[in-house]
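Asks: One structure follows; several queries about it will come next.
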Amino acid sequence: MAIQGVLSLDGLGFDLGRWGSLPNFMQVVQQNVGNWGYIAPERSFEYGFGLPEHGGPVVWNSVEELPRDVQYDFIIIGGGTAGSLVTARLSENPQYNILVIEAGPWHEDIFSSRVPGLLVNLRNTNVDWNYTTVPQGGLNGRRLGYPLGRMMGGSSSFNNMVYTRGSKDDWNKWANVTGDEELSWDKMFSRMLQEEHLVDPPGKQSTERHIDPAVHGRNGKLSLSAPYLNHSFNDMLIQSAEELKDEFPFKLDMNDGRPIGIAWNQFTVDANAERSSSATAYISKTGRNVHVLVNTHVTRVLPMSKDSTDFRKVEFAETPQSERRVLTAKKELILSAGAIGTPRVLLNSGIGSRRELEELGIKTLVDNPSVGKNLTDHPLMKIAFETTMPDTDFDMETALADWKRARKGPLVVPNTLNHITWVRLPTNATPFNEDGFPDPVENMPNTPHIEMIPLQISSTPPNTAIGIPPAPHGMVTLQVLLSNVNPISRGSISLRTSDPFVHPDIDFNLLGEKVDIAIMREAIRSARRLYSAPVFNGSVLGTVLPREEVTSDEDLDSYIRSMAATFAHCVGTAAMSPRGASWGVVDPDFRVKRTSGLRIVDASVLVSANILFVVDV
């Protein structure tokens, strides 16, 4: 399967993904939480529990503020993309007492998270986990910075807001891999519509021929729109889809299950030109039966007794020096710490490979070598074309004033260009024909190999949370991101120490498999063909990154290995598998295998990286 994205969950970035929106994985969460079938517990009113009104959750800023005499039915570890949603779903029963423990701050205090065009300001701050990978062999030994949201809403409060569901083939493959037909496209489509709230873009822009309202919902909680900025490039790119329609057809709506082609972007931006995230759409609208403890780090989950595998206790602290507190959930713990944080918690708790845990002096409670393995992400790189088109630069002070005053201008969108292109390579493409590599998405005709995102026309680095170099020598260039959205390289998350406050070792093994770099090579060639369409004659003059004369496999590979990064769409480290399978970490009902009282609901359960609406940009 493939997953992009939101949870980006969390980091279901659903690319998840880019899970850039919330992932469709959210639909899976909605369905499964509703099927868990709990009997309502006794009511507790002292701290607002049991009250039906939706006055917002009770937010505690420190462990000291947390009351010591309250019992919680569910404790959610992580208030990110998935954690916020599952909390909201459970809170619909007013008799459930729910605690969410989030490492970062409350989202409403983060202005740059609200304004779509200010997302770059979030990087390398206290709301960014600021991870760094181990040296990547496929990238000439480079270490990569790895941004992930560390605040309520997780990466849905931090990412590029691009809303992509993925193809129907992706969903059907996931259903086949997990043995759960409820995860198929036909079963999930109606649930996707239930979550969405399609709104007109800020300023009531016309979206005719930009989006198909028939494949979107209007009554859900997560806002979705198709805002754009006017530029001559828009008409030219759409014209190229007519001129090169065999390879790059126009696609009215990339979220109808068949995304291949050139489409207008869709974003999780509401009618007020603000980010719609898991935090704003879900947890902010819960009732007083939800408590949220922010700025607090979960260190371990603990068994109810020695040698038990009933995990309903959670240990947490604000800092490495702080006293560690323990709380017990009356019903269940739900681990939603993301594809990096979730395996870290499991491993620190003694759930993982016995051999690896013993090396760190951690007692093994559940021997499962799958924990932390199968790490998957999309390799990403930038190319740049010399151009005579007008730039898309703007004055930030004026733009911010326009956004504050009238919710208009360039800050209503994350990028100043407005499209996305999904490319499926033909069966006779070089990687599968001359090179002889198996096609990673063979017999999945609706699933792309390549993603192209034109970002801006400028001499400056693009406004994105991913670190991208500037154009050469101050030249004005058309800057395009390229990604292989179905890589087969797999990496891992592993502990470097038993200290739960130390970041784990993150190894994506990016471009570790030869077919992955072969597809990236074809991405450059494909982009060069697209921007050589007749409509671009005299406007796009050829690539300067890489230079136009860089054409051989060897030279392209050298460029890719020196420039590639990740899309921050990590998934797979607590993979879902069929019941009784010898591999995997959770069953299709999200329960951690060979345990009770513990589920995982986040991007880590996704088997591979490309259900675009599940985590994202």
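For what it's worth, UniProt numbering labels the leading residue of the sequence shown as 1, then goes sequentially.
Glycine included, C-beta positions come from ideal geometry on N, C-alpha and C.
Given the structure is predicted, the values throughout are model-derived calculations rather than measurements.
1) Starting from S84 and walking both ways along the beta strand (DSSP E), at which residues does that stretch end?
2) T392 to D589, Cα distance in whole Å?
3) Give the straight-line distance between the Cα atoms of V290 and P57, rounded to the nearest whole angstrom.
4) So is P426 buried or exposed if we call it buried at 16+ other beta carbons inside 10 Å?
5) Please report the straight-line C-alpha distance between V605 and T364, rounded to a whole angstrom.
6) Could you compute how far the alpha carbon of V601 sits from the alpha carbon of L198?
7) Using CA atoms only, rank isn't needed, just tell me which of G287, R599 and P201 is closest to A273.
8) Would L22 be called buried (16 or more neighbouring beta carbons within 10 Å of its own) or exposed?
9) Give me, in chain order, the residues of the same chain whose beta-carbon lies closer than 6 Å to that of P320; leave out the 5 immediate sequence neighbours on both sides.
10) Tell me where the beta strand (DSSP E) around L455 begins and ends.
11) Using CA atoms only, rank isn't needed, just tell me which of V59, R594 and K173 is closest to M444.
12) In its own chain, which residues sit with a C-beta less than 7 Å from the C-beta of G37, not counting the 5 before and 5 after it?
13) Alpha carbon to alpha carbon, how far is N509 from N130? Give it in angstroms, no decimals.
14) Per DSSP, what kind of secondary structure is F74 in: helix, strand or coil?
15) Could you tell me which of G338, I560 and T595 sits nearest to R142, measuring between CA atoms?
16) Just verifying my parser: in three-state terms, what is the DSSP assignment at V298?
17) Mapping the DSSP letters down to three states, classify F508 as helix, strand or coil.
18) Quick check on the DSSP output: what are the complete alpha helix (DSSP H) runs of length 4 or more inside the segment 506-565, in order along the chain?
19) Relative to the C-alpha of D246, which residue among D256, I260 and G352 is closest?
20) Return the chain-ordered list of same chain residues with a C-beta closer than 6 Å to the C-beta of G179, the five sequence neighbours on each side being excluded.
21) How close, in whole Å, do the beta carbons of E323 and L302 come, if the pair is a contact with beta carbons under 8 Å?
22) Taking all protein chains shown into account, do 16 or more other C-beta atoms lie within 10 angstroms of the C-beta of A281, making it buried, or fewer, making it exposed?
23) If you run the structure through DSSP and keep just helix, strand and coil, what is S577?
24) What are the boundary residues of the beta strand (DSSP E) that N484 is part of?
25) Thinking C-alpha only, which one of T164, A603 and V70 is nearest N374?
26) Just mark M520 as buried or exposed, buried being the case when its beta carbon has 16 or more other beta carbons within 10 Å.
27) For G338 and L346, which I take to be in contact (beta-carbon distance under 8 Å), what is that distance rounded to the nearest angstrom?
28) On the DSSP letters alone, give me the boundaries of the beta strand (DSSP E) that F316 sits inside.
29) Rounded to whole angstroms, what is the Cα-Cα separation between W171 and E64?
30) Ends of the beta strand (DSSP E) at R325?
31) Going by alpha carbons, who is nearest to V423 out of R150, R312, L244 and I506?
32) Between the C-alpha atoms of V292 and T328, what's the straight-line distance to the nearest angstrom?
33) Quick check: what's the CA-CA separation for L224 versus F267?
34) Leaving aside the five residues before and after A523 along the sequence, list all residues of the same chain whose C-beta is less than 7 Å from its C-beta, in chain order.
35) What ranges does the beta strand (DSSP E) occupy inside the segment 191-272, keeping only unbroken runs of at least 3 residues that lie completely in it?
36) Residues in its own chain within less than 7 Å of T416 by CB, not counting five upstream and five downstream?
Replies: So, to answer that:
1) Counting along the chain, S84 falls outside any beta strand (DSSP E), though it belongs to the alpha helix (DSSP H) covering T81 to S91.
2) 47 Å
3) 5 Å
4) exposed
5) 21 Å
6) 25 Å
7) P201
8) With a pLDDT of 40 at L22, under the threshold of 50, the modelled position of this residue cannot be trusted; read the value that follows with caution. Classification of L22: buried, given that the 10 Å Cβ count is 16 or more.
9) F501
10) I450 to S458
11) K173
12) At G37, the pLDDT of 48 sits below 50, so the modelled position is not reliable; the number obtained from the coordinates is stated separately. For G37, where only same-chain residues beyond five positions count, there are no Cβ hits under 7 Å.
13) 19 Å
14) strand
15) I560
16) strand
17) coil
18) 514-530 and 553-563
19) I260
20) P578
21) About 16 Å; that fails the 8 Å criterion.
22) buried
23) coil
24) T477 to N484
25) A603
26) buried
27) Not confirmed; about 12 Å, so no contact.
28) F311 to A317
29) 44 Å
30) R325 to L335
31) L244
32) 16 Å
33) 6 Å
34) I450, L482 and N484
35) 196-198, 222-224 and 261-264
36) L229, T392, P410 and Q456
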